[in-house]
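Here the structure comes first, spelled out in structure tokens, and everything after it is commentary.
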Amino acid sequence: MSALEFAKKIKAKFGDLISEPTKFRGEITIQLGDAERIVEVCEFAKKELDFNYLVDISSVDNYGEDPRWTIVYHLRRLADSCELRLKTSVSEEKSELPSVTTVWKTANWHEREIYDMMGVRFRGHPDLRRILMWEGYPYFPLRKDFPLAGKTTDVPGVAFTQPAPLEGGPFVTAPGGKDAIEREPRVRNPES
Amino acid sequence: MRTNTEIGYDSKIEGDVIVTRVDAALNWFRKNSVWPMPMGLACCAIELMAAGASRFDISRFGSEVMRFSPRQSDCMIVAGTVTYKMAGAVKRIYDQMPEPRWVIAMGACASTGGMYRSYAVLQGVDNIIPVDVYVSGCPPRPEALLDALIKLQNKISKEPVLKRLTAVAALKS
């Protein structure tokens, strides 16, 4: 059975909650309308459709749009390597959705990373701590409104940070330039 | 006509006695047994391991005794990217090393933060500990590290050990 057929089965089960499956470069994506129902959908995908492997959970910051956060689940059946992408949106005011650690245990660290980098909380997570940055770090560095150079912070006895000198950067490569001088990493401010 | 002047120790003239300065003798002991504290944090550590292995052989310079305890080491080789999360640990390990102690910042990241102009990376380990020798490269080849070690040995051989020791003794009394 193909990913499209599995997507249609999920659509048949949950009806209007699930969008029509979209296909891009052979990969199937479905959108879940209500983030609060994510556990139900994931449980169905795992128990009934045998999506026994959660490859990754990632998050997107649609800065300036509402809802701001998109959470993306990559599901896979180990039996036939069939992959399905499941997307859901969370508003900035809420910034919270249920944890799927009860379905796949591996979701534990994926959700901690999203919490650490984006600041989206997962309700019911057994151990929602920062995973890359340290406890007490006040920002969420993967948000679009966080500067690349970082900000000044200090947690005494743990760690401090200072903005990195960008020297007019960030340095950006321009692929397709006519010579190496055009292509190589240089200061390319979008406004200049 | 060329003449060769013997400037080293000549047993025919001096017998079994060597005359030197205490400073020079102490520095000679020190510089030929610099025990490194390998602070391997990223890919530079692989080159550090290569420098320690048979082809490049850091033991030719008396630095083969990699100590994983700061209390037994003389020179911290910071090999790799120092993140802010790791910076506290690096400082703490340096603080536990007994004097005299030296630091080699190996590679672009340890020296300046390298290509990581980011919120997570310390922009040069000299922000937290004093560095004696910086090595360029990403990562530097083992020869570059050995060159840094020779530079450090030259630096050690010029240190006024006795003057420093008597100054410390004068402070204590």
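Those sequence lines, one after another, are chains A and B. In terms of this note's numbering, the first sequence has 108 at position 108, counting the first letter as 1, and numbering is strictly consecutive. One rule links them: number in this note's numbering = place in the second sequence (from 1) + 1000. Quick reminder that beta carbons are idealized off the backbone N, C-alpha and C, glycines included. Just so it is clear, the structure is predicted and the values come from calculations on it, not from any experiment.
Item                                                                                                                                                                                               : Value
For the candidate residues A:Arg25, A:Trp134 and A:Leu128, whose alpha-carbon lies nearest to that of Gly1088 (chain B)?                                                                           : A:Trp134
Starting from Met117 (chain A), follow the alpha helix (DSSP H) in both directions and report where the run begins and ends.                                                                       : Ala107 to Met118
Could you check if Glu1047 (chain B) is buried or exposed, using at least 16 other CB atoms within 10 Å of its CB as the buried criterion?                                                         : buried
Please determine if the segment 38-58 of chain A and the segment 110-126 of chain A are in contact, where contact requires at least 3 C-beta pairs separated by less than 8 Å.                     : yes
Give every residue of the same chain whose Cβ lies closer than 7 Å to the Cβ of Glu1159 (chain B), excluding the five residues on either side of it in the sequence, and list them in chain order. : Asn1027
For Ala1051 (chain B), which residues in the same chain have their Cβ closer than 7 Å to its Cβ, ignoring the five residues on either side in sequence?                                            : Ile1058, Pro1142, Leu1145 and Leu1146
Go through its chain and collect everything with a Cβ distance to Ala79 (chain A)'s Cβ below 7 Å, but skip five positions before and after it.                                                     : Asp50
Strictly under 8 Å for the Cβ-Cβ distance: is Gln1096 (chain B) near chain A by that measure?                                                                                                      : no
Looking at the secondary structure, which residues open and close the alpha helix (DSSP H) in which Ile181 (chain A) lies?                                                                         : Ala180 to Arg183
Tell me whether the beta-carbon of Asp154 (chain A) lies closer than 8 Å to the beta-carbon of Phe146 (chain A).                                                                                   : no
Let's see if you can read the secondary structure: which residues bound the alpha helix (DSSP H) around Asp1016 (chain B)?                                                                         : Asp1016 (chain B) -> no alpha helix (DSSP H), and no H or E assigned at all.
Counting only beta-carbon separations shorter than 8 Å, does Gly1088 (chain B) have a partner in chain A?                                                                                          : yes
Return the residues of the segment 1024-1037 of chain B that lie within a Cβ-Cβ distance of less than 8 Å from chain A, sorted by chain order.                                                     : none
Could you spell out where the beta strand (DSSP E) holding Gln1153 (chain B) opens and where it closes?                                                                                            : That residue, Gln1153 (chain B), is in no beta strand (DSSP E); its alpha helix (DSSP H) goes Pro1142 to Ser1157.
How big is the Cα-Cα spacing for Gln1072 (chain B) and Gly1080 (chain B)?                                                                                                                          : 22 Å
Are Met1106 (chain B) and Pro1070 (chain B) closer than 8 Å when you measure CB to CB?                                                                                                             : no
List the residues that DSSP assigns as beta-bridge partners of Thr161 (chain A).                                                                                                                   : A:Thr153
If you drop the 5 nearest sequence neighbours on each side, which residues of the same chain put their C-beta closer than 7 Å to that of Val158 (chain A)?                                         : Trp134 and Gly136
In three-state terms, what does DSSP make of Arg85 (chain A)?                                                                                                                                      : strand
How would you call Gln1123 (chain B), buried or exposed, if buried means at least 16 neighbouring beta carbons within 10 angstroms?                                                                : buried
From which residue to which residue does the alpha helix (DSSP H) around Met1049 (chain B) run?                                                                                                    : Cys1044 to Gly1052
By the criterion of Cβ-Cβ separation under 7 Å, what are the contact partners of Arg1092 (chain B) in chain A?                                                                                     : Chain A residues near Arg1092 (chain B): none, gap ~10 Å exceeds 7 Å.
For Ser1033 (chain B), does the count of other Cβ atoms within 10 angstroms reach 16, so buried, or fall short, so exposed?                                                                        : exposed
At what residues does the beta strand (DSSP E) containing Phe122 (chain A) begin and finish?                                                                                                       : Arg121 to Arg123
What separation, rounded to the nearest whole angstrom, lies between the Cα atoms of Pro67 (chain A) and Lys94 (chain A)?                                                                          : 10 Å
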